[in-house]
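Chains as they are written, first to last, in the working numbering: chain B, 5 to 441; chain X, 236 to 691.
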């Protein structure tokens, strides 16, 4: 009964996803954002119920709550231009189904259930095949096979299965060198669906469940750390030579994922807790950045950042939102990301000086790159007239809401970090370590 | 005489929180579609600056009359997680009061000037929002009680500075220059962060005062001493970038693209001296290592000499003023390296006031020269040019060339740091194309005209 509200939210999302297909496109847009908002309210109510502690799952209801929030804002601010071409309501259906899988992680938190959810989620883009890259189409099947292999319990297959599983999670989070599928998806697919797919909470939840019980001296941690470090060198560099704002965002997201994985991989309660909180915090800011980019793309097409696009006069609020989110995701003081990243950097620097310096440099490069993209998008001159390009109410609400969380979340961040650290020390790091060898 | 504790607490609150509240108010106004008239915005800004100024004056009086050496104020609780400690706290002593009084007085004067100077400018609110970000950051840096507080303020000053350089966003050059400035400031921030980390590692304290006092005791321990030296070195690197010392001096003339009031407060008065102020704050640590002191002296003198030469070859008012400023900043830094902190402080105050006036006066100076020329009959603007320097052994033209190319500092940074780094980025991009056949010749579709696309 603990999860009744989540179950209701899940049901509403699934039924709603089927129902919106029957409506007219613009009615469907309003209906889907209402359904998503209702599910968000239910998740919020569920997280406010006191005395409900589920030590098995780190951060408990927060996954569903934040994923629902991003899902709701994604649907709320989905642009009208999306519906100019026929048959686009499938986007709304898929977006609602993404939200329902995120809610389902709270209802079904065991490793096996999360694996199934991960596979289901990777099949969702196939429901909206418009612009889906060919490369992606075989990915869900490959994922299903890998997870089947990993479920074998014989000693011969166990290690191989676990390794494959970690590789798969890395591919979903976009860690080097398995980031190709996510990068291709980000490049070609509709932004409204790229956003929940890339910012999905399931791979990280699964990584925690697979990785946390592994003892710190195992090769698992060393190998994963190496991949994270390479990612932290590779993604900031590659993001700086992008010519498309959306691809910059994709590489930025993957870089930040590698930073999170690295902090989770330190096997200290404080870095794990702050890594998780940094993930949640950047979820808000990256979603904000992505939503602003999507709004701009809906007006001006793909944003070629080889030139100065001069979009500031067209939509100053989106420009301010983009600037705030972009400085927020690289932990500018005053944002919810600041304290978690400070702790992560201190933790990693203490553990290994070269890794810490790489981390610091990559954050600095990302932060420089964020301002560079901001300048490319909003500086310069462009002949723009008419009020059609100004930010719509839905978009202003989205920007304000996310900014509110990104700034005023600071009031609670210290308390949450302390509580999460205690919880990890109590329930997760005292388990007997499992060897991957 | 002791001030009533309630009044003292209120004064401390206004001193530390008024600039932050002003920033929040103006930033909210930028997002909320509510148009406030210009006089109201200016009134808000002036109130947000005058309140901490009055509060600081009152606290300063209290310190003098009660004979207290300092006051510490922590508006928030300390956060501790394992070895990690984080606290935002303020440390108000005579050094902090002197610099903050100067900074807030100039901030008020320049806000008053900007109220009219920026009249009917489309980005009026944006200018004052960024200005308030600077005031908030500057207050945090100058009154910081912990290294974390200082770091927060340091970043805020950096961002406001870069965004104000790019204020005229319809022009591309200011934007490029702002990005250049932002890159240098990121180096400064990263170095300061590392310095902060090493200080924690060596001493395990967050408070400035105890941290620096305990630093003396740590010198005996070889490991701690080495860590402290690296911390000091990182702080010097951070100061080099922030105060445009060699080899980072290329950003200073580029930063002149912003509006005149911001140039005055940033590069004439306060921001450019912030590195010197940090060195004054960290003097007890730096004095422990004579090699570091000598390095600072040499850096300061070299910057001073080079910027004097460059200044003589400049042809626009703001660049001349920028390099003149740098000459003095170099001398101030050298003074700190010699251990003459009080002289350096007096030098900072005098120089900041004079230079702020010169920057504000710059737009009308040519008119003034003209009228001076007309009334005197013959008055040469070219007085003091490079040709007039008596050089016994070096060709004036070679010197002019050094000045004209600004000592080759920009080329050095570009050829040895930026270009190799970009080459590496391009190499990674080629690797990406080979691995994943992701052709990065541009987005799928070129930006479409304003009729709108369907890629949302």
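Each residue gets a CB set at the ideal place from its N, CA and C atoms; glycine is no exception.
Does the beta carbon of residue i come closer than 9 Å to any beta carbon on chain B?
i                      : result
residue 241 of chain X : no
residue 693 of chain X : What is shown of chain X runs 236 to 691, which leaves residue 693 of chain X out entirely.
residue 317 of chain X : yes
residue 586 of chain X : no
residue 661 of chain X : yes
residue 391 of chain X : yes
residue 404 of chain X : yes
residue 654 of chain X : no
residue 398 of chain X : yes
residue 268 of chain X : yes
residue 252 of chain X : no
residue 697 of chain X : The structure shown does not extend to residue 697 of chain X, since chain X is modelled only from 236 through 691, so no value can be given for it.
residue 314 of chain X : yes
residue 440 of chain X : no
residue 425 of chain X : yes
Pick out whichever of the options has its Cα sitting closest to the Cα of residue i.
i                      : options                       : result
residue 127 of chain B : B:99, B:115, B:209 and B:422  : B:99
residue 261 of chain B : B:308, B:278, B:208 and B:95  : B:208
residue 216 of chain B : B:167, B:271 and B:255        : B:271
residue 344 of chain B : B:280, B:353 and B:248        : B:280
residue 426 of chain B : X:269, X:268, X:317 and X:376 : X:317
residue 383 of chain X : X:428, X:303 and X:299        : X:428
residue 17 of chain B  : B:85, B:103 and B:296         : B:103
residue 136 of chain B : B:94, B:327, B:230 and B:294  : B:94
residue 246 of chain X : X:297, X:267 and X:274        : X:297
residue 227 of chain B : B:247, B:167, B:284 and B:197 : B:167
residue 662 of chain X : B:318, B:186 and B:246        : B:246
residue 428 of chain B : B:274, B:284 and B:335        : B:274
residue 200 of chain B : B:119, B:44, B:211 and B:105  : B:105
residue 471 of chain B : B:145, B:113 and B:236        : Lying outside 5 to 441, the shown extent of chain B, residue 471 of chain B is not represented and no answer is given.
Is the shortest distance between the beta-carbon of residue i and the beta-carbons of chain X less than 9 Å?
i                      : result
residue 172 of chain B : no
residue 292 of chain B : no
residue 403 of chain B : yes
residue 356 of chain B : no
residue 346 of chain B : yes
residue 340 of chain B : no
residue 360 of chain B : yes
residue 144 of chain B : no
residue 316 of chain B : yes
residue 400 of chain B : yes
residue 349 of chain B : yes
Can you tell me which residues form a DSSP beta bridge with residue i?
i                      : result
residue 316 of chain X : X:319
residue 308 of chain B : B:248
residue 379 of chain X : X:325
residue 442 of chain X : X:381
residue 305 of chain X : X:328
Validate contact between the segment 537-550 of chain X and the segment 632-639 of chain X using beta carbons, cut 8 Å, 3 pairs: yes
Meets three-Cβ-pair contact criterion under 8 Å: the segment 527-547 of chain X and the segment 565-574 of chain X: Segment contact: the segment 527-547 of chain X against the segment 565-574 of chain X, three or more CB-CB distances shorter than 8 Å; contact assigned.
Cβ pair count under 8 Å reaching 3, the segment 246-254 of chain B against the segment 186-193 of chain B: yes
Near-chain X residues of the segment 366-384 of chain B (beta-carbon distance less than 7 Å), N- to C-terminal order: Those residues of the segment 366-384 of chain B that come within reach of chain X (Cβ to Cβ, closer than 7 Å) are 368, 371, 372, 375, 376, 379, 382, 383 and 384.
Meets three-Cβ-pair contact criterion under 8 Å: the segment 423-441 of chain X and the segment 463-478 of chain X: yes
The segment 341-352 of chain X contacting the segment 291-303 of chain X, beta-carbon criterion three pairs below 8 Å: no
Interfacial residues, the segment 406-419 of chain X to chain B, with Cβ spacing under 9 Å: 406, 407, 409, 410, 411, 413, 414, 417 and 418
Inter-stretch contact (C-beta, 8 Å, three-pair minimum) for the segment 446-461 of chain X and the segment 362-369 of chain B: no
At least three beta-carbon pairs within less than 8 Å, the segment 390-401 of chain B to the segment 313-322 of chain B: yes
Near-chain X residues of the segment 403-425 of chain B (beta-carbon distance less than 8 Å), N- to C-terminal order: 403, 404, 407, 418, 421, 422 and 425
Contact residues within the segment 371-392 of chain X, judged by C-beta distance below 7 Å to chain B: 387, 390 and 391
Members of the segment 184-198 of chain B near chain X, C-beta cut-off 9 Å: 184, 185, 187, 188, 191, 192, 194, 195 and 196
Touch test, the segment 495-506 of chain X against the segment 362-381 of chain X, Cβ-Cβ under 8 Å, three pairs minimum: Judged by Cβ distances under 8 Å, the segment 495-506 of chain X makes contact with the segment 362-381 of chain X, as three or more pairs qualify.
Selection of the segment 320-335 of chain B by Cβ proximity to chain X, strictly under 7 Å: 321, 324 and 331
Members of the segment 263-274 of chain B near chain X, C-beta cut-off 9 Å: Closer than 9 Å at the C-beta level to chain X, one finds these residues of the segment 263-274 of chain B: 272, 273 and 274.
Residues within the segment 223-248 of chain B neighbouring chain X, beta-carbon criterion of under 8 Å: 238, 241, 242, 244, 245, 246, 247 and 248
Residues, ordered as in the chain, of the segment 354-371 of chain X that lie near chain B by beta-carbon distance below 7 Å: none
Against chain B: residues of the segment 446-467 of chain X by CB proximity under 9 Å: none
Three CB pairs or more closer than 8 Å across the segment 388-403 of chain X and the segment 265-277 of chain X: no
Any 3 or more C-beta pairs closer than 8 Å across the segment 199-208 of chain B and the segment 171-180 of chain B: Touching, per the Cβ criterion.
The segment 224-242 of chain B in contact with the segment 175-184 of chain B per 3-pair CB rule at 8 Å: yes
Residues, ordered as in the chain, of the segment 502-513 of chain X that lie near chain B by beta-carbon distance below 9 Å: none
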